[in-house]
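The listed protein sequences correspond, in order, to chains C and H.
Under the numbering used here, the final residue of the first sequence carries the number 337; numbering is consecutive throughout.
Under the numbering used here, the final residue of the second sequence carries the number 337; numbering is consecutive throughout.
There are 2 protein chains.
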Amino acid sequence: MTDEPLTAVQYGIGPIGSRIVQAANRTGVEFVGAVDVDPEKVGDDLGEVAGLGESLDVTVTDDAADALAADPDVVFHSTVSSVEAAAPQLTEALEAGANVVSTTEELSYPWWSNATVAEELDAVAREHAGTVLGTGINPGFVMDAMPAVLSTPMATVESVHVERVQNASERRRPLQEKVGAGVTEETFEAEIATEAGHVGSTESVAMLADALDFDLDEIEESIEPVVADDRVETEYVTAEAGDVAGIRQVAHGYVDDEAVVTLDLQMYVGAEDPHDRVEFEGEPDVAVAVEGGYHGDVSTSAVVANVAPTVVDADPGLATMTDVATSYSRHR
Amino acid sequence: MTDEPLTAVQYGIGPIGSRIVQAANRTGVEFVGAVDVDPEKVGDDLGEVAGLGESLDVTVTDDAADALAADPDVVFHSTVSSVEAAAPQLTEALEAGANVVSTTEELSYPWWSNATVAEELDAVAREHAGTVLGTGINPGFVMDAMPAVLSTPMATVESVHVERVQNASERRRPLQEKVGAGVTEETFEAEIATEAGHVGSTESVAMLADALDFDLDEIEESIEPVVADDRVETEYVTAEAGDVAGIRQVAHGYVDDEAVVTLDLQMYVGAEDPHDRVEFEGEPDVAVAVEGGYHGDVSTSAVVANVAPTVVDADPGLATMTDVATSYSRHR
Numbered sequence: 006m007t008d009e010p011l012t013a014v015q016y017g018i019g020p021i022g023s024r025i026v027q028a029a030n031r032t033g034v035e036f037v038g039a040v041d042v043d044p045e046k047v048g049d050d051l052g053e054v055a056g057l058g059e060s061l062d063v064t065v066t067d068d069a070a071d072a073l074a075a076d077p078d079v080v081f082h083s084t085v086s087s088v089e090a091a092a093p094q095l096t097e098a099l100e101a102g103a104n105v106v107s108t109t110e111e112l113s114y115p116w117w118s119n120a121t122v123a124e125e126l127d128a129v130a131r132e133h134a135g136t137v138l139g140t141g142i143n144p145g146f147v148m149d150a151m152p153a154v155l156s157t158p159m160a161t162v163e164s165v166h167v168e169r170v171q172n173a174s175e176r177r178r179p180l181q182e183k184v185g186a187g188v189t190e191e192t193f194e195a196e197i198a199t200e201a202g203h204v205g206s207t208e209s210v211a212m213l214a215d216a217l218d219f220d221l222d223e224i225e226e227s228i229e230p231v232v233a234d235d236r237v238e239t240e241y242v243t244a245e246a247g248d249v250a251g252i253r254q255v256a257h258g259y260v261d262d263e264a265v266v267t268l269d270l271q272m273y274v275g276a277e278d279p280h281d282r283v284e285f286e287g288e289p290d291v292a293v294a295v296e297g298g299y300h301g302d303v304s305t306s307a308v309v310a311n312v313a314p315t316v317v318d319a320d321p322g323l324a325t326m327t328d329v330a331t332s333y334s335r336h337r
Numbered sequence: 006m007t008d009e010p011l012t013a014v015q016y017g018i019g020p021i022g023s024r025i026v027q028a029a030n031r032t033g034v035e036f037v038g039a040v041d042v043d044p045e046k047v048g049d050d051l052g053e054v055a056g057l058g059e060s061l062d063v064t065v066t067d068d069a070a071d072a073l074a075a076d077p078d079v080v081f082h083s084t085v086s087s088v089e090a091a092a093p094q095l096t097e098a099l100e101a102g103a104n105v106v107s108t109t110e111e112l113s114y115p116w117w118s119n120a121t122v123a124e125e126l127d128a129v130a131r132e133h134a135g136t137v138l139g140t141g142i143n144p145g146f147v148m149d150a151m152p153a154v155l156s157t158p159m160a161t162v163e164s165v166h167v168e169r170v171q172n173a174s175e176r177r178r179p180l181q182e183k184v185g186a187g188v189t190e191e192t193f194e195a196e197i198a199t200e201a202g203h204v205g206s207t208e209s210v211a212m213l214a215d216a217l218d219f220d221l222d223e224i225e226e227s228i229e230p231v232v233a234d235d236r237v238e239t240e241y242v243t244a245e246a247g248d249v250a251g252i253r254q255v256a257h258g259y260v261d262d263e264a265v266v267t268l269d270l271q272m273y274v275g276a277e278d279p280h281d282r283v284e285f286e287g288e289p290d291v292a293v294a295v296e297g298g299y300h301g302d303v304s305t306s307a308v309v310a311n312v313a314p315t316v317v318d319a320d321p322g323l324a325t326m327t328d329v330a331t332s333y334s335r336h337r
């Protein structure tokens, strides 16, 4: 770790990408390039596009090769959820000699569902002595890396159950609509269930199981509506009693038909006690609660910015958050 | 990481050392030597001395060189709290080519109070391509490495406050006596306050401050009695109302006269709500509680056993838990 500021290229300047720019700028990262396909953003200054309130003297381009020519230490990548779709972008960044921290959900642990892409990215990263990591608050921390760390003082772990309950009332309109707040159960089944799912639950189950040394046979996911007991009114929607308030998505990892890993994610309007909670059975049992739960929007960009120095120093290859989660020195 | 079992020497077979042998044996570690100065233990089998209930085919010796000749991957070291006192033992193990995981409290982060010894150990470790780490539940995890990890999703950290409250009623007689349960406040001041203190608070403050990028000016510690409000009776002692129930030890790390790190450790009989609790001020505020708190006795040996594979694979030198805490694959 040197005292030289890290240099970075921002690849994708949507809502999350903009927050990453803000978070990384605050930690002292020096931006040297920016990529986005949106013609409205190309040609503008990164600081302006990312809502920083000041210029960064970096012009947004739609030509990734052009931005990567600045030879950044790290590329902050935030474009798509699918690792297959992201792979060409990640590969180009690695081939340019950069390390990559990405919010592509399926990249957080692609070895289970996308093993071929994982092997290819790992090989490219090693060949070019770079590290590539997929991260965020979820997947990437609260339901996978954090529980892995919290198990350190346990002699044995028999099973783990993680519950994340978020109150969608406090979130933006698109999020409330996405989880089906205010629709009927019939509409939920027809229109919401197939679209609303959080991407990354399978990856979190697989990552956490790997860290806990569970050799999983199977991972299963389910999505169901959370139904409002009482009327809930938000700034944007109203859910009458009996209407859908949001979603509940549960993922199980099985060994011999026993669910050794359970991740229970609930996001609905009117949630009265939002929290993150980890419960282990083992020697001894352990229960840990994050009061109110980690904030969804702030946290992903903070995780990306905070782990960047560790990723730059890490061994080459495709890393996961259980490799690097704590090994960082925070830049305030 | 290979699938070969780690080989280990146990150096020090007191209560904690014995638990380490049990925990490591369960994870598949193969013991190849054992050292203790107690003539009652020398010549006996390690499994028997450590209360394993089975032989390990390892004879305890008081000659460290003899045990180290077995060329172990790792030495589990558990003899003294002082890093200065431990240094010759650690050095001998490193010079023999081993990695070392030690419960020497002051080794957890010796750079603040014992910088010269830290530099010497770091140099010896690098010279012999080994890693040496001081760890345990506290110092080593609950008041330093764990809070560092829990700050990962925060954009900024302004201050951190960690509280660990343990109920001494459930612990052994020597522990209850050590914290002064049942004595008067006068006796506490005269006989207990100077002896009862937990070793490692300064190290935890310094380690956590380093991880959070606080450049501390000063660390201060204080010890005071916890006085019983009501009569408390345990298996071993009775504290009348007004008597001492145990100790409260508070350590502060200061930047510009502001306490940015506060560690508050309380251990007393009759504690009704034992817990570990981490509170951050920053963006955003975060509060995390370990219900009931991590178990003091089980946890230290589990931490030692669980981090061993990571320490064996780590870069050479004197490591701290914020370098290695999550980067492990658990061996169940």
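Glycine included, C-beta positions come from ideal geometry on N, C-alpha and C.
These figures come from a predicted structure and were not determined experimentally.
Practice task
Assess, as a yes-or-no matter, whether the stretch 264 to 272 of chain H is touched by the stretch 302 to 313 of chain H under the definition of 3 or more beta carbon pairs within less than 8 angstroms.
Solution key: Result no; under three Cβ-Cβ pairs closer than 8 angstroms.
Practice task
With DSSP collapsed to three states, give me the class of C/GLU9.
Solution key: coil
Handout entry: Members of the stretch 140 to 163 of chain C that neighbour chain H once the beta carbon cut-off is set at 8 angstroms
Key = Hits within the stretch, in order: ILE142, PHE146, VAL147, ALA150, MET151, ALA153, VAL154, LEU155, SER156, THR157, PRO158, MET159, ALA160, THR161 and VAL162.
Exercise for the section: Count the other CB atoms, across all protein chains shown, that sit within 10 Å of the CB of C/GLY141; report buried if there are 16 or more and exposed otherwise. Expected result: buried
Problem - Reference C/HIS280, options C/SER60, C/PRO321 and C/VAL295, closest by Cα - result: C/VAL295
Handout entry: C-alpha distance - H/ASP220 paired with C/ASP218, whole-angstrom precision
Key = 38 angstroms
Exercise for the section: Answer with buried or exposed for H/ASP328, where buried requires no fewer than 16 other C-beta atoms within 10 angstroms of its C-beta. Expected result: buried
Problem - Residues, ordered as in the chain, of the stretch 294 to 306 of chain C that lie near chain H by beta-carbon distance below 9 angstroms - result: ALA294, VAL295, GLU296, GLY297, TYR299, HIS300, VAL303, SER304, THR305 and SER306
Practice task
Using 10 angstroms around the beta-carbon of C/GLU45, count the other beta-carbons present and answer buried if the total reaches 16, otherwise exposed.
Solution key: exposed
Exercise for the section: Check the C-beta distance from H/GLY185 over to H/GLY251 and give it rounded, since I have them as a contact under 8 angstroms. Expected result: For H/GLY185 against H/GLY251, the beta-carbon gap comes to about 6 angstroms, under 8 angstroms, which counts as contact.
Exercise for the section: Please state whether DSSP places C/PHE36 in a helix, a strand or coil. Expected result: strand
Exercise for the section: Please state if the CB of H/SER206 and the CB of H/GLU226 are separated by a distance shorter than 7 angstroms. Expected result: yes
Problem - C/PHE219 (DSSP reduced to helix, strand or coil) - result: coil
Exercise for the section: Give me the Cα-Cα distance between C/VAL37 and C/ILE25, rounded to the nearest whole angstrom. Expected result: 14 angstroms
Handout entry: Alpha-carbon to alpha-carbon, H/SER83 and H/GLY22
Key = 6 angstroms
Handout entry: For H/PHE193, the three-state DSSP class (helix, strand or coil)
Key = helix
Exercise for the section: Output, in sequence order along the chain, the residues in the stretch 47 to 78 of chain H whose CB is closer than 7 angstroms to any CB in chain C. Expected result: Going along the stretch 47 to 78 of chain H in chain order, one finds no residue with a Cβ nearer than 7 angstroms to chain C.
Exercise for the section: Please check if any C-beta of chain C sits within less than 7 angstroms of the C-beta of H/ASN172. Expected result: Cβ-Cβ to chain C under 7 angstroms: no for H/ASN172.
Problem - Length at least 4, wholly inside the stretch 253 to 285 of chain H: the alpha helix (DSSP H) runs in chain order - result: none
Practice task
Measuring only between beta-carbons, confirm whether C/ASN311 sits less than 7 angstroms from chain H.
Solution key: yes
Practice task
Tell me H/GLN15's beta-bridge partners as DSSP assigns them.
Solution key: H/ALA39 and H/PHE81
Handout entry: C/ASP149 to C/VAL274 span [Cα, whole Å]
Key = 25 angstroms
Problem - Bridge-paired residues (DSSP) for H/GLU238 - result: H/THR243
Exercise for the section: Check distances from the C-beta atoms of the stretch 257 to 289 of chain C to those of chain H and list, in chain order, the residues that come in under 8 angstroms. Expected result: GLU288 and PRO289
Problem - Through-space distance from C/ALA39 to C/GLY52, alpha-carbon basis - result: 10 angstroms
Practice task
Determine the closest residue to C/VAL204 out of C/GLY247, C/SER113 and C/ASP49, with distance taken between C-alpha atoms.
Solution key: C/SER113
Problem - chain C within 7 angstroms of H/ALA28, Cβ atoms only - result: yes
Practice task
To the nearest angstrom, report how far apart H/GLU200 and H/LYS183 are at their CA atoms.
Solution key: 8 angstroms
Practice task
List the residues of chain C that H/ALA134 touches, going by C-beta distances under 7 angstroms, in chain order.
Solution key: Taking the beta carbon of H/ALA134 as reference, no residue of chain C falls within 7 angstroms; the closest one sits roughly 16 angstroms away.
Problem - Backbone secondary structure at C/THR157 - three-state DSSP - result: coil
Practice task
Determine the DSSP secondary structure at H/SER174, reduced to helix, strand or coil.
Solution key: Residue state for H/SER174 is assigned as helix, using DSSP reduced to three classes.
Practice task
Please compile the residues from chain C whose C-beta is within a distance smaller than 8 angstroms of the C-beta of H/ARG31.
Solution key: ALA160 and THR161
Problem - Contact set between H/ALA292 and chain C, taken where Cβ atoms lie within less than 7 angstroms - result: GLU296
Problem - Euclidean distance between Cα positions of H/VAL237 and H/VAL283 - result: 28 angstroms
Handout entry: Closest by C-alpha distance to C/THR192, when choosing among C/VAL154, C/TYR241, C/SER174 and C/GLY247
Key = The residue with the shortest Cα to Cα distance from C/THR192 is C/GLY247.
Handout entry: C-beta neighbour in chain C for H/VAL308, strict 7 angstroms
Key = yes
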